[in-house]
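These protein sequences, in sequence, are chains U and P.
FYI, in my numbering the residues of the first sequence are 220 to 684.
FYI, in my numbering the residues of the second sequence are 220 to 684.
Number of protein chains: 2
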Amino acid sequence: MEQIVIDKLHDILSSDRIFTDKADLYAYGFDASIHHATPDIVVKPKSSEEVEEIVKIANEYGVPVVARGAGTALCGQAVPIHGGILLDMTGMNKIKEIRVEDLYCVVEPGVIYAKLNEALAKYGFFFPPTPGSGDVCTIGGMIAVNASGMRAIKYGATRDYVLGLEIVFPYGRVRFGSKTLKNSAGYQVERLIVGSEGTLGIITEATLRISPLPEKRAVALASFNDVVKAGEGVAAIIASGMIPSALEIMDKVCIEAVKKAMGIDLPDAEALLLIEVDGKAGEVRESIEKVAKILEGKASQIEFTDDEERMAELWRGRKGVLPSLSRYGEDMVSVSLADDMSVPISKVPYAIKEFQEIAKKYGIIVGTYGHAGDGNLHTKVLINPKSPDAWQRAEKAVDKIYKAVNRLGGIASGEHGIGITKAPWINGDIETMERIKAAIDPKNIMNPGKMEQWRKSIIAYLRYR
Amino acid sequence: MEQIVIDKLHDILSSDRIFTDKADLYAYGFDASIHHATPDIVVKPKSSEEVEEIVKIANEYGVPVVARGAGTALCGQAVPIHGGILLDMTGMNKIKEIRVEDLYCVVEPGVIYAKLNEALAKYGFFFPPTPGSGDVCTIGGMIAVNASGMRAIKYGATRDYVLGLEIVFPYGRVRFGSKTLKNSAGYQVERLIVGSEGTLGIITEATLRISPLPEKRAVALASFNDVVKAGEGVAAIIASGMIPSALEIMDKVCIEAVKKAMGIDLPDAEALLLIEVDGKAGEVRESIEKVAKILEGKASQIEFTDDEERMAELWRGRKGVLPSLSRYGEDMVSVSLADDMSVPISKVPYAIKEFQEIAKKYGIIVGTYGHAGDGNLHTKVLINPKSPDAWQRAEKAVDKIYKAVNRLGGIASGEHGIGITKAPWINGDIETMERIKAAIDPKNIMNPGKMEQWRKSIIAYLRYR
């Protein structure tokens, strides 16, 4: 990077918010994915105006710009693979407005999801998308990848909650959307930005719709001796006209891993469904009983509870799948290679079956779990990371997994995004995406080499693994 | 239009689906707005492939292309102001798939909203956005303007339900989105298309999320002797953590018009709130009683009911506002000049107050009603259409109304779109919209002269009124 760019950044930001130390730069080169690349410089802006000035300089000199929140991206979205300026957005962490009577809040992008919900809970409200990394991830990152989580079946994803955005594009700072619940007054550019992973612009402010917290929740745990039967249970619940607030699935590998690593009391089964309903205090008990009734004859065992302690234990088990899988066996680690495919809901059991067969064929272990109620599945591949042969088999299996997902009418990502890892499996028309990208960012400075590297994606994938 | 274009259209479509008769062309020049312009030719495609071929020819010869559904657009979206080819999309009216266990349906753009909901009702499901023109309007039109209606406060707008689209752009037919509830696998171009009013491409297929029908509904009618008190009532309901399925307001002018024209039993009041809750059979009665309790002390009179007949009468009254206003006085018609502003919910009473003051100042009558619960208001200006002076005063008043809306943090359209009528008041960054438009439609053939005519909008507005 030219010295003049560094000098100009020093004109904008005080030195304590500019990092050029090699150790710092190296550390900032990671996110939660398997990728790494070192930025040329890290800056920590405090305001929209600063972001605007930084991007202006970057555009003038053709320097890559990558925005980063908490770095919890699972597919390399925050890894600056072409170097350049990394913007640490965590300094912009103000909740600017909470207006419960208007059903919105206004936040800076560095606000942590859990902090926002803490603030909203005081009014009896919440921001519903529930990413697994919610305790640490930022709202800006959630918007960038259209994050969601286990409550999307009832509450939708981040894209359904973005009412307005302030965005810094290479040519300037703009606003789209409004503080109104409805808007038919211009192109919905704010919704195009959701899920664009920083490849078009940098979010500097967001106006989000908020929802009232439910009064109460209840949970059912159902065991199945066949994963297809579990899938039939899911279909029956949804076709009954009931929309649970969560409907999670775990396969045998995941159940065993959690029992072994965490000692949580779970039944032995081929598959488990964990179903949560929420609503008014008087109604959740009735709803969860209805769920249990629907599953009768399909499940081998059903437990339902509105006991807070047991519910907390069951959720601990579900949330423990990911760390537990890492302790599944000696010399084994869990790798996120094919980790958040989305299929039509009724295809979930067939997807899991296919994954199991693929795993068997390639001699690897695949654990599958996730949001059965909205068709969003997570798989973790368990391999010995030191074995090149295991890596090779895993890569072949992953390719087969994505092909199976495609055959079932699904897509490569339901909530994590494309980043580097999934670039070969991006969904949608490439020419249109290229046209939009070139129109907004003709010099390709905004998070280059990520989802927009459509045609070169496989090379990018191999190089930055 | 060149003869070669007409000849080429005849190569694609049989003659019975091509209209060039002057009377036909004139009739097709109207929608539900105050605008009119005659197309050069009307075609009625039956398939995506035909639309693709038609647009290809139009792009080759630089001929404008305007898609039209039922022609219920209120702001001139379907009026072909630069002539060219008008596509009557009502021939593409197949419901291709209904998958309740997967929570989606797939439809062609010419499917009528009410027909879709009839088909879904057989499974106990519905497509929630509820436009006032729902009995006749098409799904394609709803997507084009991001239509919603009175249930948006609880269920959101069309933009929240579009999972996937097939779109014909000038350069070809493409697909975005998926049949999965979640999608983070590429640019959300399908959501950019929602509300773009045919200025980017023509929708040829839509995959829509669907929802289970509620078991039961109940309604409360509350009278207020001050519109600000009605607004306080709205704020209190929402801040209580309750989201009604509808929360409508009518001002004095509207109440009087409905009573006079329809003979419906409504209280004398400065403002009425009509509140609907939906949900499980056992819970709606409790919810509507809670609403009544919240409004105690604020309202001068409250009625609540779950009697089907009385509820139907009250909704007839609400839906009768628009026709009733047209019969308010001799020599008076109701004109849609400033008709669907959206403000933050708590600003609704202040907006109504300002509209009343503006009406008084300019010596016209303005009736205000609409979706108080989501901040989306409708005003109808009542004037003698033969009086040029009345038109002039109305235009000045409308300008003041939009300025007031802006001051209150609102926008010009919540659900009808921009079209021609509201072009001067478009929301969002103009440069970005121009960049996207030019990237997708460089020859400006897609519904030219509409919302994209940002800088020339006032001229367009005056010319095509």
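Note that the Cβ used here is the ideal one computed from N, Cα and C, for glycine as well.
Which of the three DSSP states is assigned to residue i in this structure?
| i | result |
| --- | --- |
| P/I678 | Low local confidence applies: a pLDDT of 44 at P/I678 is under 50, so the model's placement there is unreliable, and no value is given. |
| U/Q611 | helix |
| U/K275 | helix |
| U/R684 | Note that U/R684 scores a pLDDT of 41, beneath 50, so its modelled location is shaky; the value from the coordinates is reported in the next line. Reduced to three states, the DSSP call for U/R684 is coil. |
| U/D526 | coil |
| P/Q222 | helix |
| U/V298 | coil |
| U/N402 | coil |
| P/V562 | coil |
| P/I429 | coil |
| U/N625 | helix |
| P/Y374 | helix |
| P/S459 | coil |
| U/T587 | strand |
| P/D728 | It is not possible to answer for residue 728 of chain P, since the shown part of chain P is limited to 220 through 684. |
| U/G452 | helix |
| U/A657 | helix |
| U/R535 | helix |
| U/K662 | coil |
| U/H635 | coil |
| P/D445 | coil |
| U/R394 | strand |
| U/R287 | strand |
Out of the options, which one is the CA nearest neighbour of residue i?
| i | options | result |
| --- | --- | --- |
| U/G353 | U/P607, U/A292, U/T399 and U/G628 | U/A292 |
| U/R287 | U/K275, U/K263 and U/H254 | U/K263 |
| U/M469 | U/S459, U/L492, U/S415 and U/A454 | U/L492 |
| U/G368 | U/E634, U/A658, U/P643 and U/I639 | U/E634 |
| P/S403 | U/N666, U/K509, U/V413 and U/E279 | U/V413 |
| P/D660 | P/I317, P/S459, P/L419 and P/K315 | P/L419 |
| P/L514 | P/I645, P/A439 and P/D230 | P/A439 |
| U/D593 | U/I462, U/T399, U/E522 and U/I429 | U/I462 |
| U/K471 | U/I314, U/V446 and U/I457 | U/V446 |
| P/V326 | P/D307, P/F346 and P/Y342 | P/F346 |
| U/P431 | U/F344, U/S233, U/A425 and U/Y374 | U/F344 |
| P/G351 | P/R318, P/K265, P/T426 and P/A251 | P/A251 |
| U/K275 | U/K599, U/Q520, U/I577 and U/I304 | U/I304 |
| U/T309 | U/V585, U/A277, U/E316 and U/R236 | U/R236 |
| U/A256 | U/D487, U/H301 and U/D525 | U/H301 |
| P/I225 | P/I253, P/E271, P/F249 and P/Y280 | P/Y280 |
| U/H254 | U/A246, U/A476 and U/K401 | U/A246 |
Within 10 angstroms of its Cβ, does residue i collect 16 or more other Cβ (buried), or is it exposed?
| i | result |
| --- | --- |
| U/G647 | buried |
| P/N444 | exposed |
| P/K597 | One point to set straight first is that residue 597 of chain P is His, not Lys, in the sequence displayed. Buried, by the Cβ-count rule. |
| U/G536 | buried |
| P/S506 | buried |
| U/H590 | buried |
| P/P258 | buried |
| U/K241 | exposed |
| U/D230 | exposed |
| U/I422 | buried |
| P/K566 | buried |
| U/I223 | exposed |
| P/K448 | buried |
| U/R626 | exposed |
| U/I571 | buried |
| U/Q234 | Checking the sequence shown, residue 234 of chain U turns out to be Ser, not Gln. It is exposed - the Cβ of U/S234 has fewer than 16 other Cβ atoms within 10 Å. |
| P/Q407 | buried |
Please say whether residue j and residue i have beta carbons closer to each other than 7 Å?
| i | j | result |
| --- | --- | --- |
| P/C294 | P/T587 | no |
| U/G396 | U/L382 | yes |
| P/K517 | P/E573 | no |
| U/P667 | U/P389 | no |
| U/T357 | U/I386 | no |
| U/S555 | U/I630 | no |
| P/P299 | P/V319 | no |
Does the Cβ of residue i lie closer than 6 Å to at least one heavy atom of the ligand GDP?
| i | result |
| --- | --- |
| U/K662 | The ligand GDP is not among the ligands present in this structure, which contains no ligands whatsoever. |
* Of all the alpha helix (DSSP H) runs that stay within the bounds of the segment 326 to 362 of chain P, which reach a length of 4 or more residues? -> 332 to 340
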